[in-house]
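First comes the structure, then the notes that go with it.
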Amino acid sequence: MPCTLPAQALSLPHVRHRPESSLRLFLSGTAVGFALSALFVSILWLTDVMDVATHGANSKDAFLLLFILWIFKGLLFGCVLISYVVWQMGRADG
Numbered sequence: 304m305p306c307t308l309p310a311q312a313l314s315l316p317h318v319r320h321r322p323e324s325s326l327r328l329f330l331s332g333t334a335v336g337f338a339l340s341a342l343f344v345s346i347l348w349l350t351d352v353m354d355v356a357t358h359g360a361n362s363k364d365a366f367l368l369l370f371i372l373w374i375f376k377g378l379l380f381g382c383v384l385i386s387y388v389v390w391q392m393g394r395a396d397g
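Under the working numbering, think of the first position of the sequence shown as 304, with each following residue one higher.
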């Protein structure tokens with residue numbers, strides 16, 4: 304016998320946001336995260352914190368170093384920004 308769900312279980316009354324707004328939240332959070340990451344990596348490179356720029360400039364893989372720093376910091380900043388916004392949305396509902 305197949306399992307059937309009642310009609311109320313299929314509708315989600317607690318979800319007020321359309322998928323477009325969720326996608327917009329994700330894309331804007333990602334864009335801001337990568338912009339902050341570019342700013343962070345450029346400040347890190349220009350101020351030469353812990354001799355990152357000195358060692359990087361003498362390496363043939365300096366571009367790879369900057370790219371990896373930018374990607375991972377962008378993912379981190381974007382995820383933190385999106386999770387903070389979702390957390391604030393949950394607090395506003397309660």
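Cβ atoms here follow ideal geometry from the backbone N, Cα and C, with glycine treated the same way.
**Asked** Under three-state DSSP, which class holds K363?
**Response** coil
**Message:** Can you look up D298 in the DSSP assignment and give me helix, strand or coil?
**Reply:** The structure shown does not extend to residue 298, since the chain is modelled only from 304 to 397, so the question has no answer here.
**Message:** Quick test of your reading: S340 and F380, contact by CB under 8 Å. State the CB separation rounded to the nearest angstrom.
**Reply:** 5 Å
**Prompt:** Going by alpha carbons, who is nearest to L342 out of R394, S331, L328 and G377?
**Reply:** G377
**Message:** So I385 and F329 are supposed to be a Cβ contact under 8 Å. How far apart are they, rounded?
**Reply:** Yes, they are in contact, since the Cβ atoms of I385 and F329 sit about 6 Å apart, within 8 Å.
**Message:** Whole angstroms are fine: how far does the CA of V344 sit from the CA of I371?
**Reply:** 10 Å
**Asked** Is it buried or exposed for G393, if we count other Cβ within 10 angstroms and need 16 for buried?
**Response** exposed
**Prompt:** Apart from the five residues just before and just after F337, which ones in its own chain have a Cβ nearer than 7 Å to its Cβ?
**Reply:** Cβ-Cβ distances below 7 Å link F337 to G377 and G381 in the same chain, with the five nearest sequence neighbours on each side left out; the list follows chain order.
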